[in-house]
Every structure is written in C-alpha cells, then in structure tokens.
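Peer 1: Starting off with a structure, shown below.
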Amino acid sequence: MLENSNLLKIPIESIFLKNTSSPDKYISTGTDIIKDLMSKYKKEDTKDKINDILFFVTSINETIELANDLKKLYPDTKIISVYAGISDEIQNEVQNKTSNDRRILISNFAT
C-alpha cells in the first residue's frame, strides 16, 4: 500500500515477468504489458481509483524515447518521463496529482 498526502491508502499491483526477458527485448515486453493494461482501462474507473502505470527502464534516453512512442499510441493520456534532473514543473506534476485520470510514468530510477 502506498499512502499519499491525503492519507488515502492506494493499492499497488506489481507485474513481474514469468520468464526472463533479454536486454534488447525488455522494452517491447513492457510496452506489450502497458498496451494490455490500457486495453482494459475505462475512464469512468478513475472516479473510484487511481490507475497510473509506472514502468522502470535503464536509461534516461529510454525514458524519453518510450514516452514519445507511447504518446503517439495514447495521445489522450498524460505520459511523463521521470529521471534525475527533470524540471521542477514536471517533478511537481508527478508528485502532486490533481485528478484520478490515468498517467503513464516512465522512469529510470526507483526511490
């Protein structure tokens, strides 16, 4: 459970691969998982729960490239690259969500 500043408990579902993915295929495998999650998403679900997706990658370039690719697939979804050195504006947007609309966050680090 994750607790946000409003003291709400937010369940987190982790998805792990059953088989090892090769380094050159993990992004496409993760993208397939995101596509599957997005196919099940209904905007009306956001009234009762948060539906964000967080995908970890290994480099800043991968965060930017994957976010750009996903923006083409899902132009109505907020997709954000999260990495060291992002602007204060983007960092604030990530940390202070103002609605339950789905976001996809692509990050190269975990804190």
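For what it's worth, my numbering labels the leading residue of the sequence shown as 782, then goes sequentially.
Think of the CB as a built atom: it goes at the ideal place given N, C-alpha and C, for glycine as much as any other residue.
Within the chosen definition, does the stretch 805-814 reach the stretch 836-851 through at least 3 CB pairs nearer than 8 angstroms?
Peer 2: The answer is yes - the stretch 836-851 touches the stretch 805-814, with three or more Cβ pairs under 8 angstroms.
Peer 1: Need the endpoints of the alpha helix (DSSP H) that Ser-820 sits in, please.
Peer 2: First-last of the alpha helix (DSSP H) with Ser-820: 807-821.
Peer 1: Touch check for the stretch 795-804 and the stretch 853-863: three-plus C-beta pairs under 8 angstroms?
Peer 2: Counting Cβ pairs under 8 angstroms, fewer than three are found: no touch.
Peer 1: Does Ile-793 come out as helix, strand or coil in the three-state DSSP assignment?
Peer 2: Here Ile-793 sits in coil by DSSP.
Peer 1: What is the C-beta distance between Ser-880 and Val-863, in whole angstroms, given that I count them as a contact (C-beta under 8 angstroms)?
Peer 2: Not confirmed; about 18 angstroms, so no contact.
Peer 1: How many angstroms separate the CA atom of Lys-859 from the CA atom of Gln-872?
Peer 2: Each residue's alpha carbon lies about 14 angstroms from the other.
Peer 1: In chain order, what residues of the same chain have a beta carbon less than 8 angstroms from the beta carbon of Ile-815, not counting five sequence neighbours either side?
Peer 2: Result list for Ile-815: Ile-834, Phe-836, Leu-851 and Ile-885, in chain order.
Peer 1: Less than 7 angstroms between the C-beta atoms of Arg-883 and Asn-832, yes or no?
Peer 2: In contact: Arg-883 and Asn-832 (Cβ atoms closer than 7 angstroms).
Peer 1: If you compare alpha carbons, which of Glu-874, Lys-806 and Asn-877 is closest to Val-838?
Peer 2: Of Glu-874, Lys-806 and Asn-877, the residue nearest in Cα terms is Lys-806.
Peer 1: Alpha helix (DSSP H) containing Val-838: first to last residue?
Peer 2: Neither: Val-838 is in no alpha helix (DSSP H) and is coded neither H nor E.
Peer 1: Which residue marks the beginning of the beta strand (DSSP E) containing Ile-860, and which one marks its end?
Peer 2: Segment 859-863, the beta strand (DSSP E) holding Ile-860.
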